[in-house]
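First comes the structure, then the notes that go with it.
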Ligand SMILES: Nc1ncnc2c1ncn2[C@@H]1O[C@H](COP(=O)(O)OP(=O)(O)OP(=O)(O)O)[C@@H](O)[C@H]1O
Ligand SMILES: [Mg+2]
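What follows is the structure, given as structure tokens:
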């Protein structure tokens, strides 16, 4: 279905076109007409399928630009997601000249107050900072007509229920409420319904819960072997842009330092870093200055970074929903992707619980041998040499080269060149990662109705939301183009890999073509 077929104003259609969207995605096709008709909507669809525009466009359509008051409110679980939502909604509302402000923790409140004084039509933010503004009387919600809860299940999981209730109590009853996520545990959906009036529930039928374009693998390995196995996998798989998820902040710090020591362009992000640092790391990753982003679940939800080819779960996530969102950072907007999850032998039951939720079996992957990793390195080195050859510019060196050719065979010289360019997995810098206790044996997930604050994830990255939110809640406590993919039986084969592949619906994004 084309966007033109929706009852959207020409300004919005112009912005949609400029964004490069042609066909609506299934969730957009199903929910935009309902939301335009004024209905409350619960929308569930796989990661990376355009849910932001699905709630953003109807909200933008309803806005009267001449009214200088807040008409739309979007609540999101993390600061990075709030910023991203603000950017996407701003982009879609640009031709209609809609002002969108973002409020989130860890950033100058004075600046946000000035922005709020500028009469934005839409405010996007995280619950903690929104409440701060409400208490300071710098954010008034009595004119809000559309309320959006993005990643609703996560916000309730994280213990934001009371905060969200407090915010919603300031929004007029006469409003439209839209609630979106890729995962929607029943208990959470029931809580969501509390805020809504006869919501239409739209669930895009898919074979499984994870995006179909992601090839999912797992590697069974001991905790102390994971790091070496992972870097060997990098050698074999040559990810263009990868996210590595770790369970704790310490893990993320150690992993990013270890990867740097081994020569990878990697940096970490988690809740203990300043907001400025979090944003600058994310910016470098988006620009491609970094090849690997190491993150806690703070980066798992909603973040849309184009070109992420691989997701590595260094630690298997505790919640199956978290798995869906983590791997969903790849395989977005019609692109393919690959995920690899490391599982220690006594965490195998967690793998099964994830598979039960996703309705998809992960393919076992044998850890690559040193020889295979070396082969991968050689392939990558040859690509680099090809590129340098094509770039030319050797004139200054030719005389010296003639001398070398007289003394050495061409084969030895080429071997020396390869040795210089390729990393030899046999002489890697040793990296020791502090062992983490595996997830409790025999216990499976307990994610049902987890709407209180003291769940274990908060303990693991408890300033996920930043200092201000913590205070409030104190009562609880290489890489050339990808190459080297593998056969299903875990045998590697050197083959160029691209993250463009067939998909079940078509997203044409002119921007990226
Ligand atoms: N109709 C469309 N055609 C092409 N690209 C689209 C379309 N709709 C959205 N996109 C793009 O697809 C990407 C993913 O969209 P979005 O972030 O909204 O996904 P999502 O469903 O919210 O994923 P998640 O569950 O991870 O939050 C974005 O880059 C967005 O601009
Ligand atoms: Mg989203």
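In the working numbering, the protein residues as written are 95 to 607.
Cβ coordinates follow ideal geometry from the N, Cα and C atoms, glycine included.
Beta-bridge partners of residue i, as assigned by DSSP
i: residue 136; result: 273 and 295
i: residue 424; result: According to DSSP, residue 424 bridges with nothing at all.
i: residue 244; result: 274
i: residue 194; result: 216
i: residue 334; result: In DSSP, residue 334 forms no bridge with anything.
i: residue 458; result: 312
i: residue 527; result: The partner list for residue 527 (beta bridge, DSSP) is empty, contrary to what the question assumes.
i: residue 96; result: 117
Where the beta strand (DSSP E) through residue i begins and ends
i: residue 168; result: 166-169
i: residue 175; result: No beta strand (DSSP E) holds residue 175; the alpha helix (DSSP H) holding it covers 173-186.
i: residue 125; result: First-last for residue 125: 120-130, but that is the alpha helix (DSSP H), not the beta strand (DSSP E).
i: residue 200; result: No beta strand (DSSP E) holds residue 200; DSSP gives it neither H nor E.
i: residue 153; result: Careful: residue 153 lies outside any beta strand (DSSP E), inside the alpha helix (DSSP H) at 145-156.
i: residue 314; result: 308-314
i: residue 407; result: 404-407
i: residue 163; result: Unbroken run through residue 163: none, as it is neither H nor E.
i: residue 435; result: 431-437
i: residue 488; result: Run containing residue 488: none; DSSP gives neither H nor E here.
i: residue 360; result: 360-363
i: residue 388; result: 386-389
Beta-carbon proximity list for residue i, same chain, < 6 Å, skipping 5 on both sides
i: residue 399; result: 380
i: residue 452; result: 302, 303 and 304
i: residue 213; result: 162
i: residue 335; result: 401, 402 and 403
i: residue 505; result: none
i: residue 549; result: Because residue 549 sits at a pLDDT of 40, beneath the cut-off of 50, its placement in the model cannot be relied upon, and the point is left open.
i: residue 419; result: 394 and 395
Where the alpha helix (DSSP H) through residue i begins and ends
i: residue 479; result: 464-485
i: residue 268; result: Residue 268 -> no alpha helix (DSSP H), and no H or E assigned at all.
i: residue 260; result: 255-262
i: residue 93; result: Examination of residue 93 is not possible in this model, given that the chain is present from 95 through 607 alone.
i: residue 344; result: 343-355
CA nearest to the CA of residue i, picked from the options
i: residue 456; options: 427, 447 and 462; result: 447
i: residue 216; options: 504, 179, 230 and 223; result: 179
i: residue 101; options: 122, 111, 493 and 127; result: 127
i: residue 409; options: 358, 527, 283 and 489; result: 527
i: residue 42; options: 360, 358, 104 and 151; result: The displayed coordinates of the chain run from 95 to 607. Any statement about residue 42 would go beyond what the structure contains.
i: residue 481; options: 515, 498 and 470; result: 515
i: residue 300; options: 277, 314 and 291; result: 277
i: residue 373; options: 175, 97 and 167; result: 175
i: residue 131; options: 240, 142, 364 and 431; result: 240
i: residue 172; options: 402, 501 and 249; result: 249
i: residue 329; options: 520, 111, 488 and 106; result: 520
i: residue 465; options: 164, 323 and 366; result: 323
i: residue 386; options: 395, 523, 349 and 392; result: 349
i: residue 357; options: 384, 347 and 366; result: 384
i: residue 425; options: 397, 508 and 112; result: 397
i: residue 182; options: 269, 257, 199 and 218; result: 218
i: residue 360; options: 366, 285, 347 and 279; result: 347
i: residue 232; options: 252, 478, 254 and 208; result: 208
i: residue 155; options: 337, 108 and 199; result: 108
i: residue 269; options: 205, 190 and 164; result: 164
i: residue 266; options: 222, 260 and 236; result: 236
i: residue 206; options: 364, 190, 247 and 230; result: 230
i: residue 468; options: 512, 430 and 489; result: 512
i: residue 234; options: 245, 264, 104 and 223; result: 264
i: residue 111; options: 141, 246 and 188; result: 188
i: residue 414; options: 99, 502, 251 and 490; result: 251
Same chain, Cβ closer than 8 Å to residue i, neighbours up to 5 away in sequence not counted
i: residue 533; result: 410, 412, 441 and 444
i: residue 290; result: 134, 136, 271 and 273
i: residue 120; result: 139, 143, 298 and 599
i: residue 315; result: 323, 436, 437, 438 and 461
i: residue 617; result: Missing from the structure shown is residue 617; the chain here goes from 95 to 607 and no further.
i: residue 64; result: Only positions 95 to 607 of the chain appear in this structure, which leaves residue 64 out of reach.
i: residue 225; result: 257, 260, 261 and 566
Contacts around residue i, its chain only, beta-carbon distance under 7 Å, and the 5 residues preceding and following it disregarded
i: residue 287; result: 293
i: residue 421; result: 304, 308, 310, 405 and 433
i: residue 125; result: 135, 137, 148 and 296
i: residue 462; result: 326, 327, 330 and 586
i: residue 525; result: 321, 352, 355 and 356
i: residue 283; result: 136
i: residue 530; result: 317, 341, 342, 345 and 409
Beta carbon proximity, residue i to chain C, threshold 9 Å
i: residue 395; result: Among the protein chains of the structure shown there is no chain C, as only one such chain exists.
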